[in-house]
Amino acid sequence: METNLKVLVAKKNISIYNLSKEINVSTVTLYRLANGQLVKPKYETLKKVSDYFNITIDELLKKEII
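Counting in my numbering, the sequence shown runs from 52 upward without gaps.
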């Protein structure tokens, strides 16, 4: 599943490692989510990421984010 996570972390100037510590989600999970390797991410994971970036889950999962 593709997400906008790479774009979001770049815009916020935070590493995936630091994000994982901030939202208490494993680094491996976030890397897999960012690279489209996580086929069925947990709702809780998507919610934590979207809340951190102050966006909706739909915005996180859209093809492109501006």
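Every residue gets a Cβ at the ideal spot worked out from N, C-alpha and C, and that includes glycine.
**Assigned exposure category for Asn55 - 16 Cβ within 10 Å defines buried** = Result: buried.
**Asked** Is the CB-CB distance between Leu89 and Ile67 below 8 Å?
**Response** With respect to Ile67, Leu89 sits apart: the two C-beta atoms are not nearer than 8 Å.
**Request:** Please classify Asn105: does DSSP put it in a helix, a strand, or coil?
**Result:** Assigned with DSSP and collapsed to three states, Asn105 falls in coil, not helix or strand.
**Request:** Mark Ser77 as exposed unless 16 or more other C-beta atoms lie within 10 angstroms of its C-beta, in which case mark it buried.
**Result:** Label assigned to Ser77: exposed.
**Asked** Going straight from the alpha carbon of Leu59 to that of Ile74, what length do you get?
**Response** So the two alpha carbons sit approximately 14 Å from each other.
**First through last residue of the alpha helix (DSSP H) which encompasses Ile67** = If you look at Ile67, you'll find it in the alpha helix (DSSP H) that goes 67 to 74.
**Item:** Option in Gly87, Asn64, Ile108 with minimal Cα separation from Thr96
**Value:** Residue Ile108 holds the alpha-carbon nearest to the alpha-carbon of Thr96 among Gly87, Asn64, Ile108.
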